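Note sheet for the following structure.
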Amino acid sequence: MAAKSKKDLLVENAILAPLDWVDERTAAVRGTKWFLFRNVPRDISWAQTLGSAALTAFIVMAVTGVILAMYYEPSATIDPVSGKSVAYTSIESITNELTLGWLVRGMHRWGASVFIILLFLHMGRVFLFGAYKYPRELTWITGVLILAMGMLMGFTGYLLPWDQTAYWATVVGINLNGTAPFAGPWLAQFLAGGPEIGSDALAKFYALHMLAIPGALIALIGVHIYLVTRLGVSSPPWSGEAAGRERPAVEPAGARAGLVRGSGGGD
Amino acid sequence: MARDLGELNREDFARYKDDVKKEGKPFFPRAIFHDTVMSLVVVGIIVALAAIWYYDAGDTPEGEGLEPGILGPWYTEPADPATTNFVPRPDWYFYFLFYLLRIFKWPETVFIATVGIPTICLILLIGLPFYDRRRERRPLHRPVAMVAAVLTILSMAVLTWKGATAKEALGSELVLLVPSWAEEQGFVGNEEAEKGAKLFAESGCLNCHTYLGQGAGNLGAPDLSEVGATNDAAYFVQYLTNPAAYGNTVMGSYSYLGAENLAALGEFLAASKGTSGG
């Protein structure tokens, strides 16, 4: 056995050893390898990138959202200097004064629409490919819940600029909640936080928008991606002879070699 | 036919796993490459939308960015609970719900639009893998699923489009109708009632209610053309001050308008006895 060079020793001590130490306790390295070094069907292409595109939009929302939270103040109290509410004033200063604040706010505002569109497209693709069928039922259900949570993010986030559009759309929204049987009126009263929608409602929407719903959303996305990795990406249903059909019991000799054929996703 | 569905499904999936293992392509770097390109496009589109939104909005005397560009203004005027003439409008992906409200506008049916249909849609979506249990995945061999998908997409598109283009009753236009209302209802010269009618037009009452053929009929709010036939001005003042006391939890209180304005509104509503009954 040749003596290890100094460089090899350095790499081993500085990088591999700590990684091994972490992996021994968490299986994080094995998990990452399991996620990255797996095979996917040969014939997947652009249609199957919509899910990761939605994930990218979500990451954009998370990053811009954290930056906005550093400068935004969820208060409907009137600012004595500007004569406008504190929330509205902070949105004005993010848009007008903060360096690139307009870009951060604009990306958050429009990223929401892009996220929702991508979720719908992704869902449409999964439906068209019949990819919600066995064994991917739970992947589909977490996906539907992600869509519902995404819509709730849109509803709670719409109020935060505390301008006329935000305010009146939310007044209607809360009244709509109130029409639901059983919990409806209670929920509407809780959200409004009083006879008139003001700082109480703003604080509640803010907490839901940046703590509760994103928490649920991140957990659901985690489960969704775990399931996709565990069960594999389904191939297009029209790929080769495999889709939805049994294959001939005995394959002709040599049929596998050189036959360009889909990998029979999920059948 | 002898073997059950679960067994067949498991066999299919075992074949799939075997195929992918033997003939699939590596996720890293092959699939990741497509994903990365797509993600860059997505970020590019988001940045482009933000830039168009920011630079296309103009300034008005009231402030910067209030003049809407093609993607709307930076923000609208500060929230003001005292002005009820603002037309509520949700974000575009709620337009379908917004328009459903106009279809199911009667009080007994509002909950069909607000809760009933969304809940049914959610249950149908979640339950999809359980009531569509066939192994067939090719679109052309799933005619029911494809027709259902096309109908869903069409109805969502139509509802969204109708919601986006729905005409709203604008206070500034409705005010012009006050003289004709006074004539039809016979309260010409009653200054208090005319003042009330003006307030009625400007305060956004017709965003939900209808009156002599005007208004939206949102949220199941009733027609008020003949409302004065059954009650007097004092009743309306009390009702407007606290609708909840009359079992109306959808309508908010209008007590902020002040006693003087409420009295005028009450006088106007009491004078609205309808055109047919005289």
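These protein sequence lines map, in sequence, to chains B and U. The first sequence: position 238 = 223 (the working numbering), numbered continuously. The second sequence: position 51 = 63 (the working numbering), numbered continuously. Glycine is no exception: its CB is placed at the ideal position from the N, C-alpha and C atoms. Predicted model only: the values in this text are computed from it and were never measured.
Residue i: contacting residues in chain U (beta-carbon distance under 7 Å)
| i | result |
| --- | --- |
| K69 (chain B) | P90 |
| G163 (chain B) | T261 and V262 |
| F114 (chain B) | R149 |
| R23 (chain B) | F39 |
| R27 (chain B) | E35, G36 and K37 |
| T41 (chain B) | S51, V54 and V55 |
| W223 (chain B) | R150 |
Amino acids of chain B, ordered along the chain, whose beta-carbon sits closer than 7 Å to that of residue i
| i | result |
| --- | --- |
| D103 (chain U) | G139 and Y143 |
| D47 (chain U) | T34 and S37 |
| E76 (chain U) | N81 |
| V249 (chain U) | By Cβ distance, chain B contributes nothing, its closest Cβ being about 17 Å from V249 (chain U), past 7 Å. |
| A43 (chain U) | V25 and I29 |
| N202 (chain U) | Those within 7 Å of N202 (chain U) in chain B number zero; the least Cβ separation is about 31 Å. |
| T126 (chain U) | L161, T164 and A165 |
| W265 (chain U) | Before going on, a small fix: residue 265 (chain U) reads as Ser here, not Trp. Those within 7 Å of S265 (chain U) in chain B are P180. |
| P80 (chain U) | Per Cβ cutoff of 7 Å: no residues; P80 (chain U) is ~11 Å from chain B at best. |
Rounded Cβ spacing between residue i and residue j (contact assumed at less than 8 Å)
| i | j | result |
| --- | --- | --- |
| P146 (chain B) | Y87 (chain U) | 5 Å |
| P100 (chain U) | N260 (chain U) | The Cβ separation is near 18 Å, so there is no contact. |
| L112 (chain U) | I129 (chain U) | 6 Å |
| A62 (chain U) | M92 (chain B) | 5 Å |
| V164 (chain B) | T126 (chain U) | First, the amino acid is wrong: residue 164 (chain B) is Thr here, not Val. The pair is a contact, with the Cβ atoms about 5 Å apart (cut-off 8 Å). |
Residues bridged to residue i [DSSP beta-bridge criterion]
| i | result |
| --- | --- |
| E76 (chain U) | For E76 (chain U), which the question treats as bridged, DSSP gives no partner whatsoever. |
| I63 (chain B) | B:S70 |
| D235 (chain U) | U:T222 |
| P90 (chain U) | B:D148 |
| G86 (chain B) | According to DSSP, G86 (chain B) bridges with nothing at all. |
| G84 (chain U) | U:G81 |
Three-state secondary structure (DSSP) of residue i
| i | result |
| --- | --- |
| G70 (chain U) | strand |
| N260 (chain U) | coil |
| P38 (chain U) | strand |
| Y111 (chain U) | helix |
| S184 (chain B) | helix |
| G229 (chain B) | For G229 (chain B), the predicted structure reports a pLDDT of 42, less than 50, and the residue's modelled location is therefore unreliable. A value from the coordinates is still provided. Looking at G229 (chain B) - three-state DSSP - the assignment turns out to be coil, as it is neither helix nor strand. |
| N24 (chain B) | strand |
| V162 (chain U) | helix |
| D148 (chain B) | strand |
| Y223 (chain U) | strand |
| D47 (chain U) | helix |
| D8 (chain B) | helix |
| P3 (chain B) | helix |
| D252 (chain B) | Bear in mind that a pLDDT of 39 at D252 (chain B), under 50, signals an unreliable position, so the model cannot answer this. |
| G142 (chain B) | helix |
| I253 (chain B) | Only positions -14 to 252 of chain B appear in this structure, which leaves residue 253 (chain B) out of reach. |
| R27 (chain U) | helix |
| I29 (chain B) | coil |
| T124 (chain B) | helix |
| N202 (chain U) | coil |
| S7 (chain U) | Missing from the structure shown is residue 7 (chain U); chain U here goes from 13 to 290 and no further. |
Interface residues of chain U facing residue i [CB-CB closer than 8 Å]
| i | result |
| --- | --- |
| D148 (chain B) | Y87, T88, E89, P90 and A91 |
| I101 (chain B) | Y105 |
Contact list for residue i against chain B, beta-carbon separation under 8 Å
| i | result |
| --- | --- |
| R114 (chain U) | Correct list: empty, because the minimum Cβ distance to chain B is about 12 Å. |
| K29 (chain U) | G217 |
| R154 (chain U) | G115 |
Within chain B, partners of residue i - CB distance below 9 Å
| i | result |
| --- | --- |
| A62 (chain U) | W87, L88, V89, R90, G91, M92, H93, R94, W95 and G96 |
| T177 (chain U) | Those within 9 Å of T177 (chain U) in chain B number zero; the least Cβ separation is about 17 Å. |
Amino acids of chain U, ordered along the chain, whose beta-carbon sits closer than 9 Å to that of residue i
| i | result |
| --- | --- |
| T17 (chain B) | Result: empty, since nearest Cβ-Cβ is about 10 Å, beyond 9 Å. |
| I265 (chain B) | Here chain B comprises residues numbered -14 to 252, so residue 265 (chain B) is not present and cannot be evaluated. |
| P120 (chain B) | N21, R22 and F25 |
Near the ligand HEM: residue i beta-carbon under 7 Å from a heavy atom
| i | result |
| --- | --- |
| G240 (chain U) | Ligands displayed in this structure: none; no statement on the ligand HEM is therefore possible. |
(message) When you compare the segment 269 to 286 of chain U with the segment 237 to 255 of chain U, are there three or more beta-carbon pairs, one atom per stretch, that lie closer than 8 Å?
(response) yes
(request) Flag this pair as touching only if the segment 39 to 52 of chain B and the segment 91 to 106 of chain B have three or more C-beta atom pairs under 8 Å; answer yes or no. (result) yes
(request) Count the CB pairs spanning the segment 209 to 223 of chain B and the segment 119 to 139 of chain B that are closer than 8 Å, and state whether there are at least three. (result) yes
(request) Please determine if the segment 181 to 191 of chain B and the segment 155 to 167 of chain B are in contact, where contact requires at least 3 C-beta pairs separated by less than 8 Å. (result) yes
(message) Does the segment 164 to 175 of chain B come into contact with the segment 79 to 92 of chain B, if we say contact requires no fewer than three beta-carbon pairs (one atom in each stretch) closer than 8 Å?
(response) Cβ pair count under 8 Å is below three, so no.
(message) Can you confirm whether the segment 12 to 29 of chain B touches the segment 27 to 47 of chain U when touching is taken to mean that 3 or more C-beta pairs between the two stretches lie within less than 8 Å?
(response) yes
(message) Taking 8 Å as the cut-off, does the segment 91 to 99 of chain B touch the segment 49 to 66 of chain B (at least 3 CB pairs, one atom from each stretch)?
(response) yes
(message) With three or more beta-carbon pairs closer than 8 Å as the criterion, would you say the segment 169 to 176 of chain U touches the segment 105 to 114 of chain U?
(response) yes
(request) Evaluate contact between the segment 136 to 144 of chain B and the segment 210 to 227 of chain U, counting only Cβ atoms and requiring at least three cross-stretch pairs below 8 Å. (result) no
(message) Count Cβ pairs between the segment 17 to 30 of chain U and the segment 139 to 156 of chain U that sit closer than 8 Å; are there 3 or more?
(response) Contact holds: three or more Cβ-Cβ distances are below 8 Å.
(message) So, does the segment 58 to 77 of chain U touch the segment 110 to 119 of chain B, judging by three or more C-beta pairs under 8 Å?
(response) In this structure the segment 58 to 77 of chain U does not lie against the segment 110 to 119 of chain B, because fewer than three pairs of beta carbons, one per stretch, are closer than 8 Å.
(message) For the pair the segment 124 to 136 of chain B and the segment 52 to 66 of chain B, tell me if three or more CB-CB distances fall below 8 Å.
(response) No, the segment 124 to 136 of chain B is not in contact with the segment 52 to 66 of chain B.
(message) With a threshold of 8 Å, are at least 3 pairs of Cβ atoms found where one atom belongs to the segment 50 to 66 of chain U and the other to the segment 78 to 86 of chain U?
(response) Touching, per the Cβ criterion.
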